[in-house]
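Enquirer: Residue numbers (the UniProt record's numbering): 1 to 219. From the three backbone atoms N, C-alpha and C, an ideal C-beta is built for every residue, glycine too.
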């Protein structure tokens, strides 16, 4: 794919990856090099990305799952304002519905949710960070880096998923990936080849009409 419109529309939050298909290092390097072109305040480039593969990735997922089982997550801690809770419910209904999991199937939902902390089987597990002294305007730069990376991965046939749930266990991440205390953990990131047989990977999430989020003043 070379058309930006096509790449943007093709990007998905993939929630199941092909476990036996590794990500070629050259494709990952190409996508990262392109993402480094993202804009940032005064060119501070505030993003820090930790990627784990192979045994390191396996140990990270194992440690996260152990932490999840010992202390189940409080998803409300993810920082979503209460007034927007209905959007999380809508998203969950669509995702779990695509998986064939009924609303009252708590066991099935938890089993699917638990896959978050094993990076949905992706061969590349990432953690996105920012120095603690940066502020909201710098977080915009991190977001632009991350979006550029997602699109670059999509263009190269790779799937991805940004995961806020990973950040609920920062101590585990710091220990497993040697992340220093002066970095704020923002989110997780899964990278790999999406499993085409997994129905939720083909889900197209709804978006607001432009006018609901954008105000254009001409007088």
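To which residues of the same chain is residue 139 closer than 8 Å at the C-beta, ignoring the five residues directly before and after it?
Expert: 46, 130, 186
Enquirer: Mind reading off the beta-carbon distance from residue 221 to residue 32? Whole number of angstroms is fine, and I expect it under 8 Å.
Expert: Because the chain in this structure spans residues 1 to 219, residue 221 falls outside the shown range and cannot be described.
Enquirer: Does the region 60-73 come close enough to the region 170-179 to have 3 or more Cβ pairs within less than 8 Å?
Expert: yes
Enquirer: Check this for me: beta carbons of residue 60 and residue 176, under 8 Å apart or not?
Expert: yes
Enquirer: Inspect the CB distances between the region 118-137 and the region 48-59 and report whether three or more fall short of 8 Å.
Expert: With a cut-off of 8 Å, the region 48-59 and the region 118-137 count as touching, because enough Cβ pairs lie within range.
Enquirer: Can you list, in chain order, the stretches of the beta strand (DSSP E) that have 3 or more residues and sit fully within the region 35-74?
Expert: 47-52
Enquirer: From the DSSP output, in three-state form, read off residue 197 for me.
Expert: coil
Enquirer: With a threshold of 16 other CB atoms inside 10 Å of the CB of residue 43, please say whether the residue is buried or exposed.
Expert: exposed
Enquirer: Should residue 191 and residue 124 be called a contact, given that it needs their Cβ atoms to be closer than 8 Å?
Expert: yes
Enquirer: Measuring only the C-alpha atoms, how far is residue 142 from residue 135?
Expert: 11 Å
Enquirer: Do you know how far the Cα of residue 94 is from the Cα of residue 57?
Expert: 29 Å
Enquirer: Is there at least one non-hydrogen atom of the ligand ZN closer than 7 Å to the beta-carbon of residue 126?
Expert: The ligand ZN is absent from the structure shown, which contains no ligands of any kind.
Enquirer: Starting from residue 122, trace the alpha helix (DSSP H) both ways and give me its first and last residue.
Expert: Counting along the chain, residue 122 falls outside any alpha helix (DSSP H), and DSSP gives it neither H nor E.
Enquirer: Give the single residue among 156, 181, 63 whose Cα lies nearest to the Cα of residue 25.
Expert: If we check each option's Cα against that of residue 25, 156 comes out closest.
Enquirer: I'd like the list of long-range same chain contacts for residue 38, defined as Cβ closer than 6 Å, with 5 residues on each side in sequence excluded.
Expert: If we look at residue 38 and ignore the five residues flanking it on each side, its Cβ neighbours are 144, 145, 148.
Enquirer: In chain order, what residues of the same chain lie with their CB nearer than 7 Å to the CB of residue 153, ignoring the 5 residues before and after it?
Expert: 31, 160, 191
Enquirer: Using three-state DSSP, classify residue 17 as helix, strand or coil.
Expert: strand
Enquirer: Determine the direct distance from the alpha carbon of residue 200 to that of residue 98, and round the result to whole angstroms.
Expert: 5 Å
Enquirer: Provide the residue span of the beta strand (DSSP E) that contains residue 23, from first to last.
Expert: Looking at the DSSP string, residue 23 is not in any beta strand (DSSP E), and its letter there is neither H nor E.
Enquirer: Helix, strand or coil for residue 185, going by three-state DSSP, please let me know.
Expert: strand
Enquirer: Do residue 85 and residue 101 have their C-beta atoms closer together than 8 Å?
Expert: no
Enquirer: Is the beta carbon of residue 132 less than 8 Å from the beta carbon of residue 53?
Expert: Cβ distance not < 8 Å, so residue 132 and residue 53 don't count as in contact.
Enquirer: Pull up the distance between the alpha-carbon of residue 215 and that of residue 10, whole angstroms please.
Expert: 27 Å
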